Amino acid sequence: MLKNFLLDICRCKRSWTMKSFANTAISEIRETVKDNKIILGLSGGVDSSVTAMLIHKAVGKSLTCIFVDNGLLRKKEAEKLKITLSQNLDINIRFVNAGNKFLKELSGVKDPEKKRKIIGKIFMDVFEAEAKKIKRRQIFSTGNTLSGYY
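In terms of the numbering used here, the sequence shown opens at residue -11 and continues consecutively.
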């Protein structure tokens, strides 16, 4: 039904491919960023990892990722991320181990909404503290459900 609507009624063409999407995204990133530096909050999830790869393809070494290890990841997940993105793909990533800080603040908290807010606040505090150490920072990107901000 959807196929019929798109192709037969609306006369849409089947021109979309993942490669064309990536190429368009990379071009748009280059146009937006120009020669500014980018700092990306990297969670290790699919959204921020794909964002990191697209931005890296667009601007190369102008991208610095900050990965905040919150101590809540699967065993060896942070190490796997480091190997995949920084060593295999040559993406510049700063790893910040903040696990103790997260676990201390979450200790005894049972309400899921309170936990979510605590995790979000600590992540942003740690991320911003690390970002301040980077010279010529210009553009921030979160690569997840938080909105990117400048």
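All residues carry an ideal CB built from backbone N, CA and C; glycine is no exception.
Here the structure is a predicted model, which is why all the values come from computation and not from measurement.
Boundaries of the alpha helix (DSSP H) in which residue i is found, first to last residue
| i | result |
| --- | --- |
| Asp90 | Checking the displayed sequence, the identity of residue 90 turns out to be Phe instead of Asp. Note, Phe90: alpha helix (DSSP H), 87 to 94. |
| Leu42 | 34 to 47 |
| Phe11 | The residue asked about is misnamed: residue 11 is Asn in this sequence, not Phe. Segment 6 to 21, the alpha helix (DSSP H) holding Asn11. |
| Lys68 | 65 to 69 |
Contact under 8 Å by Cβ, residue i with residue j
| i | j | result |
| --- | --- | --- |
| Lys70 | Ile81 | yes |
| Asp78 | Ala66 | no |
| Ile59 | Phe90 | Here residue 59 turns out to be Gly, not Ile, going by the sequence shown. For Gly59 and Phe90, yes; Cβs fall inside 8 Å. |
| Ile106 | Val97 | yes |
| Ala119 | Ile17 | no |
| Leu61 | Ser37 | no |
| Phe55 | Gly87 | no |
Endpoints, the beta strand (DSSP E) within which residue i is located
| i | result |
| --- | --- |
| Asp57 | 51 to 57 |
| Ile27 | 26 to 30 |
C-alpha distance - residue i paired with residue j, whole-angstrom precision
| i | j | result |
| --- | --- | --- |
| Asp35 | Cys53 | 13 Å |
| Lys103 | Leu94 | 6 Å |
| Leu30 | Lys49 | 16 Å |
| Asn(-8) | Ala40 | 36 Å |
| Lys92 | Gly108 | 14 Å |
| Leu134 | Phe9 | Here the model assigns Leu134 a pLDDT of 40, short of 50, so the residue's position is not dependable and the matter cannot be decided. |
| Leu(-6) | Ile14 | 27 Å |
| Asn76 | Lys123 | 25 Å |
| Cys(-2) | Lys7 | 24 Å |
| Asp(-4) | Leu(-10) | 10 Å |
| Ile110 | Asp99 | 17 Å |
| Asn85 | Glu19 | 34 Å |
| Leu51 | Lys121 | 14 Å |
| Lys25 | Glu116 | 15 Å |
| Asn11 | Val21 | 15 Å |
Beta-ladder partner(s) of residue i, from DSSP
| i | result |
| --- | --- |
| Val97 | In the DSSP output, where bridge partners are listed per residue, Val97 has none listed. |
| Arg82 | Ile54 |
Would you check if there are 3 or more beta carbon pairs closer than 8 Å linking the segment -11 to 8 to the segment 45 to 62?
Contact fails: fewer than three Cβ-Cβ distances are below 8 Å.
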